[in-house]
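Structure record follows, encoded as structure tokens.
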Amino acid sequence: MKKVLVLGATSAIAQATVRLLAARGASLYLVGRNAENLDAVAKDAATRGAAKVESKAVDLNDFAVHEALVDGAFQALGGLDGVVLAHGVLGDQAEAQRSWTATEAVLRTNFLSAASLLTVLANRFEAQKAGTLVVISSVAGDRGRQSNYVYGTSKGALTVFLQGLRNRLAKSNVAVVTVKPGFVDTPMTAHLPKNKLFASPEKVARGLLSAADSRKNEVYVPGIWAIIMLIIKSIPESVFKKLKL
Amino acid sequence: MKSLESWGRYPQVEQRTQSLTWRSDALPRISGSVLPHGLGRSYGDSCLNGGGTLLLTSGLDKLIAFDAATGVVRCEAGVTLDTLLRLAAPRGWFLPVTPGTKYVTVGGAIANDVHGKNHHRGGTFGRYVRRFELVRSDGSRRLCAPDENPDWYGATIGGLGLTGLVTWAEVQLKPISNPYVLQETVPFGNLDEFLVVARESEADHEFTMAWVDCLARGKKVGRGLLYRGNFAPPQFDGLPLAKSHLSHGIGLAVPMDMPAFCLNRLSVSAFNWLYFHRQNGKPKQRLTHYDPFFYPLDAIYAWNRIYGSRGFLQFQCVVPYSTARDALKDILERSARGGLPSFLSVLKTFGDIPSPGWMSFPRQGVTLAMDFANRGEKTYRLVEELDRVTREAGGAVYPAKDARMSPESFAAYFPRRSEFAGYIDPAFSSSFWRRMNPVTMPFSLESERASGAPHPKSLLALR
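In the order they appear, the protein sequences are chains A and B. Under numbering that gives the first Met the number 0, the first sequence has 48 at position 49, and the numbering climbs by one with no breaks. Under numbering that gives the first Met the number 0, the second sequence has 262 at position 263, and the numbering climbs by one with no breaks.
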């Protein structure tokens, strides 16, 4: 990935990924909501060796801008061969249970806006018959649990969408890489008590890039989550529904 | 969350933490006092805030700009010196001043106005800080430079993080033509010889420092090895000496707390003897990469754990040349007599280059740094005695390494403390600052306060 569009560039995992890409001398088009913070990430990337850094502050929940945004990225970098889609919100499960507005907001940011962007991007990459689409989903999308099923639904839907996209784009030489991090120590999880399962954004970023480099399909980062989720997925629903998870 | 400790792991305090992420954010609203905390490499309690909150600056780790033509780097305050070296060294720039570890943040280097092996030539880190942004709890943001808000600039350099949060800073690096240092080791038999060799070495060497055998007695008090060096000239460019430009502490680590019995008088004595006799008494010159030359202890990850869970106390003083010989002899003898071994003791001369920081520690004279395993009262008493000897010799003790100095000593060491106190952010405080400014002032300070100039709000800020 030499010319990369990063969506949600101010998220902790994206920032760590941007640093690694910058150190490789990649050209970057960074997209985030907060202009000041986005500028801080852009300057950091430029100072760390990125060949070129452009940035655009937009709210990705405004689907109307997606087409123009992708056009702008293609133009600014003279083409794209990689995308890292990293924007998302954790939401508040309790709040989501009380309010459809809160539920819809999570689905809109994590799934609908991603699907809208990927629709535009998939067509472009399919036409050029090259490129890598890296999308951050979550282990939470592997099985619905009472403690965060709204977030889990948004990520699970994203995972299924990506499976279909991968199937469709395989013949066009476009890689679709689904990255499923477990717990990551980021501002998104700052309020949660930490344990040994929490990984640093840097570790997740390294896993993400190595999966992108080898054009993997679905990866868990850190790898231990593949085993944890295998176990969680294998519990029969009749038992699972009685668990406190 | 794991409770944070200082590098010496003494004292232990309870405090809350709050991570900072974006330099443009306002300070978090928190009840009680706050203190910026970088990598916690200060040894005592100057990086702790018992009962309050630490503002963790490790998330303020973004670079802002680097001009490879001028060597000016601008970065957030949580960026480490290690990061700056990785950025700058391959492009021919080096830190103008570096302490003995690269795992400190730029903010920490400013707050403690750190010094290094080139103090006699280069002065302190603060001299190379071109400007920085200071954010206060009242929401104000100030650009501070020698010619812009110079008072805030002077108060914040060496200001122990108390004047507000430094969000970013601009530092002038210095050019190098390659990453190598030509190093020479010169043995000296006692303190007098050290003073002669050190003064001589200053003329031709940018970097000097000496290891001293703190267990030697009698005529051998103060014997040791002086290391001196300069960055290698251009003819050494392109030498395939090192595989990578930096070592990262691979190979050696202290994986867990060592039990106290690992460190007794005998083992330290043996270590010191080996260290001295390794040299066979002759000066030796060799070419070395800057990493082992400046950061030998960084190669041992978490070396502080060698002292076990009780931690250790570091003591670093500087004494003027006029009293250096007697005072240092007294200090070395007291610590040797105390039966409390100091693993690695370091002697170095400081030059007379002034720092812009009002509360800066280095001043002309000889500095001695030692560490003592924490054996409770016995150790505290020894370090307190060394503090007293230093004060009587007209010297000063380094707050970044202190856990025991007295408020009277602090007042004697830092004559501008009252002026400084007026610049402390009312929401900021530290365990160290409260220890130095107890609510009930010692008698000598009370009288000074009664007679002295209008006292700043500072003492109200002591929380």
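Don't be surprised by glycine CBs; every beta carbon is placed ideally from N, CA and C.
Contacts of residue i in chain B (Cβ-Cβ under 7 Å)
i: Lys51 (chain A); result: Ordered by position in chain B, no residue passes the 7 Å Cβ test against Lys51 (chain A), which lies about 16 Å from the chain.
i: Thr16 (chain A); result: Going along chain B, no residue has its Cβ under 7 Å from Thr16 (chain A), so there is no contact; the nearest lies around 14 Å.
i: Pro180 (chain A); result: None at all; the shortest Cβ gap to chain B is about 18 Å.
Contact list for residue i against chain A, beta-carbon separation under 8 Å
i: Lys61 (chain B); result: Ala39, Val40, Lys42, Asp43
i: Phe65 (chain B); result: Thr46
i: Ser18 (chain B); result: Pro186, Ala189
Proximity winner among the options, relative to residue i (alpha-carbon distances)
i: Thr56 (chain B); options: B:Phe65, B:Thr69, B:His36; result: B:His36
i: Leu120 (chain A); options: A:Asp70, A:Pro186, A:Thr108; result: A:Asp70
i: Val72 (chain B); options: B:Leu53, B:Trp92, B:Gly58; result: B:Trp92
i: Pro98 (chain B); options: B:Arg309, B:Ser334, B:Glu384, B:Pro291; result: B:Pro291
i: Tyr289 (chain B); options: B:Val180, B:Ser344, B:Lys377; result: B:Val180
i: Phe131 (chain B); options: B:Arg141, B:Leu34, B:Gly122; result: B:Arg141
i: Leu505 (chain B); options: B:Gly223, B:Pro174, B:Leu53; result: It is not possible to answer for residue 505 (chain B), since the shown part of chain B is limited to 0 through 462.
i: Glu236 (chain A); options: A:Gln145, A:Ala72, A:Pro192, A:Val138; result: A:Gln145
i: Gly90 (chain A); options: A:Ala41, A:Phe73, A:Val175, A:Tyr148; result: A:Tyr148
i: Val105 (chain B); options: B:Ala68, B:Asp60, B:Pro149; result: B:Asp60
i: Phe314 (chain B); options: B:Arg285, B:Ile299, B:Thr389, B:Ser321; result: B:Thr389
i: Lys154 (chain A); options: A:Gln74, A:Lys128, A:Leu168, A:Leu84; result: A:Leu84
Contact under 8 Å by Cβ, residue i with residue j
i: Ala49 (chain A); j: Thr131 (chain A); result: no
i: Asn111 (chain B); j: Val96 (chain B); result: no
i: Ile109 (chain B); j: Ile156 (chain B); result: yes
i: Tyr102 (chain B); j: Val170 (chain B); result: no
i: Leu207 (chain A); j: Val220 (chain A); result: yes
i: Leu346 (chain B); j: Ala209 (chain B); result: yes
i: Ser430 (chain B); j: Asp137 (chain B); result: no
i: Ala399 (chain B); j: Tyr42 (chain B); result: yes
i: Gly7 (chain A); j: His65 (chain A); result: no
i: Asp370 (chain B); j: Arg135 (chain B); result: no
i: Gly125 (chain B); j: Ser354 (chain B); result: yes
i: Arg324 (chain B); j: Trp167 (chain B); result: no
i: Trp6 (chain B); j: Arg40 (chain B); result: yes
i: Ser32 (chain B); j: Phe419 (chain B); result: no
i: Leu327 (chain B); j: Gly393 (chain B); result: no
i: Leu286 (chain B); j: Ile330 (chain B); result: no
i: Pro180 (chain A); j: Ile135 (chain A); result: yes
i: Tyr320 (chain B); j: Gly364 (chain B); result: yes
i: Val165 (chain B); j: Leu133 (chain B); result: yes
i: Val12 (chain B); j: Leu47 (chain B); result: yes
i: Leu312 (chain B); j: Ala402 (chain B); result: yes
i: Lys2 (chain A); j: Leu79 (chain A); result: yes
Which residues DSSP lists as bridging residue i, in chain order
i: Ser344 (chain B); result: B:Val211
i: Asp41 (chain B); result: Before going on, a small fix: residue 41 (chain B) reads as Ser here, not Asp. Looking at the DSSP assignment, Ser41 (chain B) forms no beta bridge with any residue, so it has no partner.
i: Asn229 (chain B); result: B:Leu181
i: Thr366 (chain B); result: B:Val317, B:Lys347
i: Pro186 (chain B); result: B:Leu224
i: Ser26 (chain A); result: A:Lys2, A:Lys51
i: Gln127 (chain A); result: Partner(s): none; Gln127 (chain A) has no beta bridge.
i: Phe131 (chain B); result: B:Cys143, B:Ala168
i: His288 (chain B); result: B:Tyr179
i: Leu54 (chain B); result: B:Gln17, B:Pro35
i: Val72 (chain B); result: B:Phe65, B:Val170
i: Phe160 (chain A); result: Phe160 (chain A) is not bridged to any residue.
i: Gly81 (chain A); result: A:Val3, A:Thr131
i: Tyr9 (chain B); result: Looking at the DSSP assignment, Tyr9 (chain B) forms no beta bridge with any residue, so it has no partner.
i: Thr177 (chain A); result: A:Val134, A:Glu217
i: Ala198 (chain A); result: A:Val183
Interface residues of chain A facing residue i [CB-CB closer than 9 Å]
i: Thr69 (chain B); result: Under the 9 Å cutoff, chain A gives no residues; its nearest Cβ is about 14 Å from Thr69 (chain B).
i: Ala298 (chain B); result: What Ala298 (chain B) touches in chain A: nothing, since even the nearest Cβ is about 22 Å away.
Within chain A, partners of residue i - CB distance below 7 Å
i: Arg22 (chain B); result: Ala39
Partner residues on chain B for residue i, Cβ-Cβ distance less than 8 Å
i: Glu94 (chain A); result: Within chain B, no residue comes near Glu94 (chain A); the closest Cβ sits about 22 Å away, beyond 8 Å.
i: Glu333 (chain A); result: This structure leaves residue 333 (chain A) out entirely; chain A is present only between 0 and 244.
Per-residue contacts from residue i into chain B (C-beta, under 9 Å)
i: Asn172 (chain A); result: Result: empty, since nearest Cβ-Cβ is about 36 Å, beyond 9 Å.
Relative to chain D, which residues along the segment 188-210 of chain A have a C-beta separation below 9 Å, given in chain order?
Considering every chain present, this structure includes no chain D. Its protein chains are A and B.
Per the contact definition of three or more C-beta pairs closer than 8 Å, is the segment 98-115 of chain A in contact with the segment 19-34 of chain A?
Because the criterion of three Cβ pairs below 8 Å is not met, the segment 19-34 of chain A and the segment 98-115 of chain A do not touch.
When the Cβ atoms of the segment 343-363 of chain B are set against those of the segment 374-385 of chain B, are three or more pairs found closer than 8 Å?
Short answer: they don't touch.
Stretch-stretch touch, CB-based, cutoff 8 Å, three pairs: the segment 13-21 of chain A with the segment 197-204 of chain A:
With the cut-off at 8 Å, the segment 13-21 of chain A and the segment 197-204 of chain A touch.
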